[in-house]
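Asker:
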Amino acid sequence: MMNIKGLLFLILLFAGYTFSQSYKENYFEISRNNFNFKLRDGVILDCTSFTPDAPGPNGGFPCIVYCHGYGKSKDDNLSNAISFAKSGFVTYTFSMRGQGNSGGVSNLISRTEAKDLMEFIDYIKSNELIDRNRIAISGSSQGGIIPLMAHAMGLEIQCLITDLISPDFASNWIDNGCVKMSLLWTLSYGDNNARYSDEVKNYRKWILSKKRDKWDSLAFYLPQNRDFSKLISKCTRPVYISNSFQDKFFNSNSIIKNIFKFPYGSKFYFGAIEGHGTVSTEDENKYHDKSMFEWIDYRLNKAEPEENNSCVICFSIYPVINSSWSFQRIYSQPTIFDKPNRIKLYFHPSEKVSETPYSGKTASFIFKNTVSDTSISMIESVNTEFNGESFWKKFTKTNIIFESEPLEWNYNALGIPKVHLVYKSDRKVCQYNFQIYEIHKDGTTKLISSINFTDRNSSGKTKADIEGDALGHIFTAGSKIRIILTNLDTRENDNFLRTNPYVLPVLIPSSNTIYVGGTEGSYLELPLKE
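Numbering of the sequence shown is given in numbering that gives the first Met the number 0, commencing with residue 0 and proceeding in unit increments.
Structure (structure tokens):
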């Protein structure tokens with residue numbers, strides 16, 4: 000089994016806050032009840048509830064249900080459930096099927112698990128101590144995706160808080176023909192963390208296979224019964240969704256593209272949340288926690304929030320402190336993502352990017368994927384974390400670096416970056432990874448986002464418009480923009496990925512021509528806001 004110690008999921012931490020004015024001064028003794036819940040197909044879920052030892056208010060206690068991240072269990076949310084129960088809530092936490100001590104097998108965050116949650120909520124609504132009109136669900140990653148999916152499938156719920164999610168998370172894991180390292184990690188847990196269905200077990204085999212048809216199978220089956228952006232318009236209650244632009248599992252693209260489909264009154268936070276390999280700051284953590292507590296109070300107790308802005312953006316910006324970005328928060332509306340100004344940075348063969356297209360005679364350059372030993376396998380590379388003497392004897396990393404002139408003013412980049420790529424490969428399968436950096440005027444540099452693309456059926460000269468991971472970043476005046484085109488998307492000083500790439504590389508040698516001449520040549524497109 001591969002090393003998965005780097006796989007960390009953020010669990011939504013309430014850490015004992017008592018935010019509601021109605022409950023601020025109350026501190027209840029509580030009772031714990033461990034119980035099993037039998038699902039429609041006979042699978043048994045391992046569950047725990049906490050109930051205040053006191054008469055409930057008129058109509059019953061408010062209720063919070065906690066959902067855990069993938070490969071975890073109900074135990075990850077026990078401290079949160081206890082804290083809120085002591086503040087006057089009935090709280091529940093349970094292990095999803097195939098995880099923790101629950102029975103069955105995991106279908107990897109699917110409609111099946113969403114239906115499980117719908118059944119569980121129907122069950123707890125029969126608890127006479129609960130006000131069935133004041134039920135909240137909170138979770139992160141899997142624990143946020145499943146409740147939102149269930150709500151889009153018809154689950155009636157008053158309050159929903161989700162972190163680090165994507166409605167099209169399955170497709171997001173294999174965006175643009177690439178396979179994210181985080182997907183392979185998620186498919187590689189031992190039985191103590193996750194017991195997979197037979198189909199899900201096949202996903203890992205398909206990823207590690209050299210056979211082309213295995214990719215076709217993965218691309219066909221993985222999104223089925225998982226992606227749900229087409230159902231978002233069926234949501235009936237406002238939701239609170241928080242994402243990080245540096246998320247190494249799910250980018251924010253699907254939220255941005257579908258932001259106007261969510262019910263009126265929904266709240267969005269983009270930028271700085273810890274989890275999925277991302278970072279935040281103490282100030283942002285405090286702000287985010289406080290805003291979530293207010294959201295629960297507002298949705299369950301009709302308390303007015305201190306600020307009603309429905310879209311909060313947290314831009315990354317220099318200075319970098321202890322290897323982490325600083326952040327600048329702004330308050331806006333979802334329309335902030337509408338019709339951004341787009342700046343085109345054209346690639347030049349002289350390894351620079353410019354708003355002026357290249358007009359010289361040399362209208363192309365060569366980008367090589369050098370694999371000197373084609374016996375190299377993906378499983379071998381994964382097990383060495385794409386590092387070590389054996390790996391580097393067989394695979395050569397290629398970097399072609401492009402830099403802009405110093406910027407005359409700040410560039411406020413917000414939205415989805417794109418690459419217009421004109422290319423030709425001598426192989427059917429070829430990969431192009433574009434890393435976007437800022438080079439500060441003090442000489443330091445740090446990664447902002449990436450655009451990853453694998454053509455699995457290349458044929459002749461091709462034009463492709465490729466979307467990258469959404470970003471919110473302020474390029475400061477005097478800095479340069481650096482673009483690195485690479486065949487191995489590793490990141491320096493990344494404690495999450497370590498020496499592993501963001502997306503799995505292509506282990507087939509190729510020589511690729513990139514065309515750069517004129518306005519029809521290759522360029523990077525950045526979305527800018529005033």
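Each residue gets a CB set at the ideal place from its N, CA and C atoms; glycine is no exception.
Measuring CA to CA, which of 479, 214, 381 and 107 is closest to residue 353?
Answerer: Sequence index remark: in the sequence shown, residue 353 carries index 354 (1-based). Ranking the options by Cα distance to residue 353, first place goes to 479.
Asker: Got a sec: is the Cβ-Cβ distance from residue 299 to anything in chain D below 9 Å?
Answerer: Absent from the structure: chain D. Only one protein chain is present.
Asker: Is the stretch 505-515 touching the stretch 412-429, taking contact as three or more C-beta pairs under 8 Å?
Answerer: Yes: the two stretches touch, three or more of their Cβ pairs being nearer than 8 Å.
Asker: Go ahead and pull the three-state DSSP assignment for residue 274.
Answerer: Within the sequence shown, the letter at position 275 stands for residue 274. Of the three classes helix, strand and coil, the one that applies to residue 274 here is strand, per DSSP.
Asker: Within the same chain, show all residues whose beta-carbon is closer than 8 Å to that of residue 517, passing over the 5 residues directly before and after it, in chain order.
Answerer: Position 518 of the sequence shown holds residue 517. Excluding positions up to five away in sequence, the list reads 356, 357, 358 and 362.
Asker: Is the stretch 311-326 close to the stretch 337-354, with three or more CB pairs under 8 Å?
Answerer: No: the two stretches stay apart, fewer than three of their Cβ pairs being nearer than 8 Å.
Asker: Check this for me: beta carbons of residue 271 and residue 326, under 9 Å apart or not?
Answerer: Taking the sequence shown and counting its residues from 1, the one referred to as residue 271 is at position 272. Taking the sequence shown and counting its residues from 1, the one referred to as residue 326 is at position 327. Closer than 9 Å, so yes.
Asker: Just curious, the alpha helix (DSSP H) that residue 296 is in, first and last residue?
Answerer: As a first step, residue 296 is located in the sequence shown; it is residue number 297 there, counting from the start. From DSSP, the alpha helix (DSSP H) with residue 296 extends over 281-300.
Asker: Going by DSSP, which residues form a beta bridge with residue 402?
Answerer: One-based indexing of the sequence shown puts residue 402 at position 403. DSSP lists 351 and 481 as partners of residue 402.
Asker: Helix, strand or coil for residue 327? Go by DSSP, reduced to three states.
Answerer: As a position in the sequence shown, residue 327 is number 328, starting the count at 1. Strand, per DSSP.
Asker: In its own chain, which residues sit with a C-beta less than 8 Å from the C-beta of residue 475, not counting the 5 before and 5 after it?
Answerer: As a working mapping, residue 475 is identified with position 476 in the sequence shown. Excluding sequence neighbours, residue 475 sits near 316, 317, 406, 409, 437, 439 and 440.
Asker: Residues bridged to residue 466 by DSSP?
Answerer: Numbered from 1 along the sequence shown, position 467 holds the residue referred to as residue 466. According to DSSP, residue 466 bridges with 417.
Asker: Determine the burial state of residue 488: buried for a count of at least 16 other Cβ atoms within 10 Å of its Cβ, exposed for fewer.
Answerer: Position 489 of the sequence shown, counted from the start, is the residue given in the question as residue 488. Its Cβ being crowded by 16 or more others within 10 Å, residue 488 is buried.
Asker: For residue 22, which residues of its own chain have a beta-carbon under 6 Å away from its beta-carbon, when the five flanking residues on both sides are left out?
Answerer: Along the sequence shown, read from residue 1 onward, the residue named residue 22 stands at position 23. Because the pLDDT at residue 22 is just 39, under 50, the model does not fix this residue reliably, and the point stays unresolved.
Asker: Measure the CB-CB distance between residue 164 and residue 102 and report whether it falls below 9 Å.
Answerer: Looking up residue 164 in the sequence shown gives position 165. Looking up residue 102 in the sequence shown gives position 103. It is not a contact, given that the beta carbons lie outside the stated cut-off.
Asker: The alpha helix (DSSP H) that contains residue 256, what's its start and end?
Answerer: Translated into the one-based positions of the sequence shown, residue 256 becomes position 257. First-last of the alpha helix (DSSP H) with residue 256: 252-256.
Asker: If you draw a straight line from the C-alpha of residue 41 to the C-alpha of residue 451, how long is it?
Answerer: The count along the sequence shown starts at 1 and reaches residue 41 at position 42. The count along the sequence shown starts at 1 and reaches residue 451 at position 452. Distance between the alpha carbons of residue 41 and residue 451: 42 Å.
Asker: So residue 414 packs on residue 312, CB below 8 Å; how close in whole Å?
Answerer: To locate residue 414, count along the sequence shown from 1; it is residue 415. To locate residue 312, count along the sequence shown from 1; it is residue 313. With 8 Å as the limit, residue 414 and residue 312 do not qualify as a contact, their Cβ atoms being about 10 Å apart.
Asker: What is the residue span of the alpha helix (DSSP H) that residue 430 lies within?
Answerer: Here residue 430 refers to the residue found at position 431 of the sequence shown. Residue 430 -> not in any alpha helix (DSSP H); beta strand (DSSP E) instead, spanning 429-438.
Asker: Do you know how far the Cα of residue 288 is from the Cα of residue 139?
Answerer: Position 140 of the sequence shown, counted from the first residue, corresponds to residue 139. Position 289 of the sequence shown, counted from the first residue, corresponds to residue 288. The straight-line gap from Cα to Cα measures roughly 13 Å.
Asker: So who's on the other strand from residue 312, going by DSSP bridges?
Answerer: Locating residue 312 in the sequence shown gives position 313, counting from the first residue. In the DSSP output, where bridge partners are listed per residue, residue 312 has 269 and 329.
Asker: Just reading off the beta strand (DSSP E) that residue 526 is part of, what are its end residues?
Answerer: Here residue 526 corresponds to residue number 527 of the sequence shown, with the count starting at 1. It spans 522-527 - the beta strand (DSSP E) in which residue 526 sits, taken as one unbroken run.
Asker: Should residue 431 be labelled buried (16 or more other beta-carbon atoms within 10 Å of its own) or exposed?
Answerer: As a first step, residue 431 must be located in the sequence shown, where it is residue number 432. Buried: at least 16 other Cβ atoms inside 10 Å.
Asker: Please name the residue in 95, 58, 56 and 55 whose C-alpha comes closest to that of residue 74.
Answerer: For the purposes of this step, residue 74 is taken as the residue at position 75 of the sequence shown. Considering only alpha carbons, the answer is 95.
Asker: Per the DSSP calculation, residue 554 is bridged to which residue(s)?
Answerer: With the chain running from 0 to 529 in the structure shown, residue 554 is simply not present.
Asker: Alpha carbon to alpha carbon, how far is residue 360 from residue 243? Give it in angstroms, no decimals.
Answerer: Walking along the sequence shown from the start, residue 243 turns up at place 244. Walking along the sequence shown from the start, residue 360 turns up at place 361. Computed Cα separation, rounded: 43 Å.
Asker: Rounding to the nearest angstrom, what Cα-Cα distance links residue 330 and residue 220 in this structure?
Answerer: As a working note, residue 330 is residue 331 in the sequence shown. As a working note, residue 220 is residue 221 in the sequence shown. When rounded, the distance between both Cα atoms is 39 Å.
Asker: Use the C-beta contact count for residue 56: other C-beta atoms within 10 angstroms, 16 or more gives buried, fewer gives exposed.
Answerer: By one-based count along the sequence shown, residue 56 stands at place 57. Looking at its Cβ environment, which holds fewer than 16 other Cβ atoms inside 10 Å, residue 56 is exposed.
Asker: Under 8 Å Cβ to Cβ from residue 374, same chain only, skipping five residues before and after it: list those, please.
Answerer: Residue 374 sits at position 375 when you count from the first residue of the sequence shown. Counting only Cβ-Cβ distances below 8 Å, and skipping sequence neighbours, we find 393.
Asker: Consult DSSP for residue 26 and reduce its assignment to one of helix, strand or coil.
Answerer: By 1-based counting over the sequence shown, the position of residue 26 is 27. Reduced to three states, the DSSP call for residue 26 is coil.
Asker: Is the CB-CB distance between residue 91 and residue 65 below 9 Å?
Answerer: Numbered from its first residue, the sequence shown carries residue 91 at position 92. Numbered from its first residue, the sequence shown carries residue 65 at position 66. Yes.
Asker: Between the C-alpha atoms of residue 89 and residue 446, what's the straight-line distance to the nearest angstrom?
Answerer: What you label residue 89 is simply residue 90 of the sequence shown in a count that begins at 1. What you label residue 446 is simply residue 447 of the sequence shown in a count that begins at 1. Answer to the nearest angstrom: the Cα atoms are 44 Å apart.
Asker: Would you say residue 236 and residue 97 are within 9 Å of each other, going by their C-beta atoms?
Answerer: As a working mapping, residue 236 is identified with position 237 in the sequence shown. As a working mapping, residue 97 is identified with position 98 in the sequence shown. Contact: no.
Asker: I need the boundaries of the beta strand (DSSP E) containing residue 138, first residue and last residue.
Answerer: Translated into positions along the sequence shown, residue 138 becomes position 139. Counting along the chain, the beta strand (DSSP E) containing residue 138 begins and ends at 129-139.
Asker: Quick check for students: name the residue ranges of the alpha helix (DSSP H) that lie wholly in the stretch 35-114, counting only runs of 4 or more.
Answerer: Complete alpha helix (DSSP H) runs here, min 4: 77-85.
Asker: Under the three-state reduction of DSSP, which class applies to residue 394: helix, strand or coil?
Answerer: The residue labelled residue 394 in the question sits at position 395 within the sequence shown. Here residue 394 sits in strand by DSSP.
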